[in-house]
Amino acid sequence: MFEMKTNHEIILETNLPYPLFKRGKVRDVYDLGETLLLASTDRISAFDVNLPTGIPRKGEALNNLSVYWLKRTKKIFPNHYLEQIDDRTMKVQKVERIDIEWVTRGYLYGSAWREYKKGRRTISGVNLPEGLQLAEELPEMILTPTTKTDAGHDVEITKAQAINNKLVNAEEWRELEEATFKLFEFYNKEADSKDIIIPDFKLEYGRYNNNLIQIDEPPTHDSARFWAKQYYKVGEQQEGHALDKEFLREYLKRISFTGEGKPPTLPSLVVEEISKRCTGSYQVLIGKRKIEDLALRSVNELMEELTR
Ligand SMILES: Nc1ncnc2c1ncn2[C@@H]1O[C@H](COP(=O)(O)OP(=O)(O)OP(=O)(O)O)[C@@H](O)[C@H]1O
Ligand SMILES: [Mg+2]
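Our numbering puts the first residue of the sequence shown at 9, with every later residue one more than the last.
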């Protein structure tokens with residue numbers, strides 16, 4: 009039924025012989041009736057837009073890491089995973105999606121840091137103490153969810169707003185908050201044993217036969233941050249040794265692209281660095297490689313080389 013892929017050509021779009029359920033930014037989703045096929049392509053997005061350049065081995069790395077996590081966490085909370093079809097494709101349970109991105113943070117970074125720096129002390133209804141630094145561990149993990157929209161930017165949402173807007177009911181919120189924290193603990197315990205910190209990530213859930221189940225992707229290069237424990241320094245940018253999309257975002261900022269206008273083609277040196285982070289995050293988290301063996305280059309190092 010399916011062709012096993014043995015080469016590593018870049019695949020920007022799949023065309024499997026099934027009705028298309030949707031093309032997401034990264035995954036092509038096919039409708040098999042009760043179930044879905046999630047085919048992870050080599051597409052990459054930043055600032056909510058897709059770039060024209062594909063990343064070699066990205067699809068397979070993300071798919072394989074997702075399979076790894078989903079199999080291991082089934083006992084903690086039920087999820088949609090049914091079967092791995094090939095390197096980039098898995099079969100999952102089709103569910104009614106809950107339109108919330110369950111963003112969870114154990115460290116102050118990214119958009120939460122930018123808001124904090126501006127003086128905000130409440131994020132998604134959660135109070136933050138004074139005096140925190142960039143990349144500092146938070147006193148407790150916090151949920152800072154956003155809406156999940158098919159077009160446009162996702163916006164922050166509080167528990168009260170989510171319930172008032174009927175995205176979830178109060179009981180569902182309670183269950184999903186608890187599930188997200190439990191999963192966060194598990195992911196971080198596993199990552200810690202591979203010398204990785206997961207400072208934040210986002211999850212999605214849906215409803216299936218009156219039950220809540222986790223869908224979409226667990227922490228990957230695209231949906232989480234992965235920091236190397238041995239290089240972690242509070243008060244600093246962690247991008248130089250991170251196995252996540254921060255490298256790409258930072259590169260794009262340097263060339264003045266933040267989502268407006270025509271998305272740029274990525275130079276091959278940049279593609280290579282992103283590819284290393286995609287395959288590296290999978291290999292390091294499953295214990296196959298050490299982060300120091302990946303020979304990552306930071307955006308600073310790369311910009312020097314590109315402008316030489
Ligand atoms: N089990 C599932 N049932 C229904 N929908 C799912 C399931 N798992 C994932 N999805 C949805 O399939 C899509 C996966 O595609 P991808 O991750 O590329 O999307 P995305 O970039 O997050 O896209 P978008 O925001 O455009 O929907 C997402 O919209 C996700 O919410
Ligand atoms: Mg997605």
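Virtual Cβ for every residue (Gly too), placed ideally from N, Cα, C.
Nearest by alpha-carbon distance to residue i: which of the options is it?
i	options	result
Glu123	Ser283, Glu164, Asp107, Glu104	Glu164
Tyr117	Met98, Asp301, Val242	Val242
Glu312	Asp94, Ser283, Ile263, Ile299	Ile263
Gln246	Leu151, Ala170, Glu144	Glu144
Asp301	Thr287, Leu310, Asn308	Thr287
Leu73	Pro227, Leu274, Lys237	Pro227
Glu104	Thr43, Arg285, Gly267	Thr43
Tyr216	Leu45, His88, Ala54	His88
Val101	Gly267, Gly114, Asp203, Pro86	According to the sequence provided, residue 101 is Gln. The question's Val does not apply to it. Per the Cα distances, Pro86.
Lys296	Leu40, Ala232, Ala199, Pro137	Ala199
Asp56	Leu40, Arg96, Ala170, Leu256	Leu256
Leu136	Thr155, Thr154, Gly114, Thr157	Gly114
Arg80	His249, Lys156, Lys197	Lys197
Leu140	Thr152, Pro153, Lys126	Lys126
Asn218	Leu40, Asn177, Thr22	Asn177
Asn308	Gly269, Gly248, Pro25	Gly248
Gly214	Lys156, Met149, Tyr26, Thr22	Lys156
Asp158	Gly41, Gln169, Lys30, Tyr26	Lys30
Residue i and residue j: beta carbons closer than 7 Å?
i	j	result
Asp230	Glu212	no
Gly18	Gly62	Note that residue 18 is Ile in the sequence shown here, rather than Gly. It is a contact, given that the beta carbons lie within the stated cut-off.
Ser276	Arg65	no
Leu146	Trp121	no
Arg285	Leu314	no
Gly67	Ser53	no
Lys167	Val292	no
Thr266	Pro60	no
Thr154	Asp162	yes
Tyr76	Ile299	no
Leu220	Glu183	yes
Ala232	Ile206	yes
Arg96	Asn58	no
Quick one: measure Cβ to Cβ for residue i and residue j, integer angstroms, because I've assumed they're closer than 8 Å.
i	j	result
Thr112	Phe194	Between Phe194 and Thr112 the Cβ distance is about 12 Å, and since that is not below 8 Å, they are no contact.
Tyr290	Ala69	4 Å
Glu281	Arg316	At roughly 16 Å, the Cβ-Cβ gap does not stay under 8 Å, so Glu281 and Arg316 are not in contact.
Leu175	Ile131	Not quite, the Cβ-Cβ distance comes to about 18 Å (not below 8 Å), so this is no contact.
Leu310	Val278	7 Å
Leu20	Asp50	6 Å
Ile93	Leu45	7 Å
Leu90	Lys82	Incorrect: roughly 11 Å between the Cβ atoms, too far for contact.
Taking the DSSP output, what are the residues bridged to residue i?
i	result
Phe55	Answer is none; Phe55 lacks a bridge partner.
Gly214	Arg105, Ile221
Ala232	Phe209
Leu131	Reading off the sequence, residue 131 comes out as Ile, not Leu. Paired residue(s): Val134.
Ser306	In DSSP, Ser306 forms no bridge with anything.
Leu151	Thr112
Tyr89	Val100
Glu145	Tyr115
Leu46	Val37, Met98
Ala250	Trp235
Ile204	Ala236
Leu28	Tyr38
Glu164	Thr154
Give a yes or no on whether the minimum CB-CB distance between residue i and chain D is below 7 Å.
i	result
Tyr216	Annotation note: the requested chain D is absent from the structure, which comprises a single protein chain.
Meets three-Cβ-pair contact criterion under 8 Å: the segment 32-45 and the segment 188-203: With contact defined as three or more Cβ pairs closer than 8 Å, the segment 32-45 and the segment 188-203 are not in contact.
Is it the case that the segment 36-52 contacts the segment 232-239, given that we only count it when at least three CB pairs across the two stretches are under 8 Å? Pairwise C-beta distances place the segment 232-239 out of contact with the segment 36-52, as fewer than three of them are shorter than 8 Å.
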